[in-house]
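Reviewing the structure listed below.
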Amino acid sequence: MKGTTHHFHFCRLGIIGAVFVILGTIFPFLFAIFLQPKQPAWQGAAVFVAHYSKIQSLPFYFGFFLLGGSLILLTAILLLSKAKFYPLLGLVFGMVGAAVVSLNYIIQTTFVPAVVAHYTEQHAVILETFSMVNPTSFAWAAEMWGYGFLGLATWLAASFFGNRGIEKTAKVLFISNGGLSIAGALVTALELGWVLTVPGYISFGVWNVLYTILAVTAMRVFILIKDDSAAES
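Quick note on numbering: my numbering labels position 216 of the sequence shown as 238, and the sequence is numbered without any gaps.
Laid out in structure tokens, this is it:
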């Protein structure tokens with residue numbers, strides 16, 4: 023009975039994580055398409071400052087939902103797993119990836135606006151280094167490697183799911199996300215500027231759709247496990 027109660031609460035935790043992930047993927051994706059005003063293609067720090075609006079930081083705030091939700095999801099999987107080695111490794115790599123990307127989002131939401139507000143020519147190199155409008159900035163290197171680690175985390179966590187029905191679908195999605203995210207990190211290591219090219223935009227769209235479906239599928243798995251636990255109690 024006690025184990026069943028724990029399973030019930032762990033599943034609720036996973037459902038909450040999945041909801042956060044869905045919010046963190048859908049809204050930034052929509053903002054990327056519809057949010058105005060947009061920045062022009064990178065032409066230098068001065069042009070970036072001239073076209074800057076604080077609303078451009080909004081998508082990054084939802085990124086924290088994605089990262090937090092991912093860690094909650096990975097934690098729920100670890101707690102529910104009988105064999106904990108790979109899910110534990112997944113959570114560790116997820117924490118590494120989330121830390122790297124969170125630092126980047128703090129830079130985008132707090133540091134970059136502060137630099138823009140007090141911009142002088144001496145600040146140009148700072149914006150070139152940290153603005154995500156610049157496709158060859160450090161920010162993109164951190165972003166893509168951070169999500170590469172998070173992808174490795176989902177790949178490892180896939181061991182939790184079974185090989186039949188919706189659990190098999192979840193396993194395929196978790197592994198696929200790992201492959202796509204790690205590939206994105208490796209391509210970025212070879213050609214940093216690719217992220218804001220047509221292939222980069224396509225990859226961004228595919229990843230968002232994949233990760234949203236992953237979260238929805240994981241939520242369904244947790245709901246089924248929770249319902250089974252409730253029926254046994």
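Backbone N, C-alpha and C define an ideal beta-carbon position, used for all residues, glycine too.
Leaving out the 5 sequence neighbours to the left and right, which residues in its chain are closer than 6 Å to GLN61 when beta-carbon positions are compared? So the qualifying residues of the chain are HIS73 and VAL155.
Please say whether ALA161 and ILE204 have beta carbons closer to each other than 8 Å? No. Outside cutoff.
Host alpha helix (DSSP H) of PRO109 (start-end): For PRO109, the enclosing alpha helix (DSSP H) has its first and last residue at 107-128.
By alpha-carbon positions, which one of LEU208, LEU195 and ALA175 ends up nearest to ALA164? For ALA164, the nearest C-alpha among the options comes from LEU208.
Give the list of continuous alpha helix (DSSP H) stretches no shorter than 4 residues that lie fully inside the stretch 25-93. Entirely contained in the stretch 25-93, the alpha helix (DSSP H) runs reaching 4 residues are, in chain order, 67-72.
Can you tell which of GLY66, ILE224 and LEU93 has the C-alpha that lies nearest to the C-alpha of LEU111? Ranked by how close their Cα comes to the Cα of LEU111, the residues GLY66, ILE224 and LEU93 have LEU93 in first place.
Selected residue, minimal CA-CA separation from ALA175, among PHE196, VAL138 and ALA192: It is PHE196 whose Cα lies nearest to the Cα of ALA175.
Kindly say whether TYR74, judged by its beta-carbon, lies nearer than 8 Å to any beta-carbon of chain C. Among the chains of the structure shown, chain C does not appear; only one protein chain is present.
Beta carbon of THR158 nearer than 8 Å to that of LEU214: Yes.
Please classify GLN65 as buried or exposed, where buried requires at least 16 other C-beta atoms within 10 Å of its C-beta. Exposed is the call here.
Three-state secondary structure assigned by DSSP to ASN230: If DSSP states are grouped into helix, strand and coil, ASN230 belongs with the helices.
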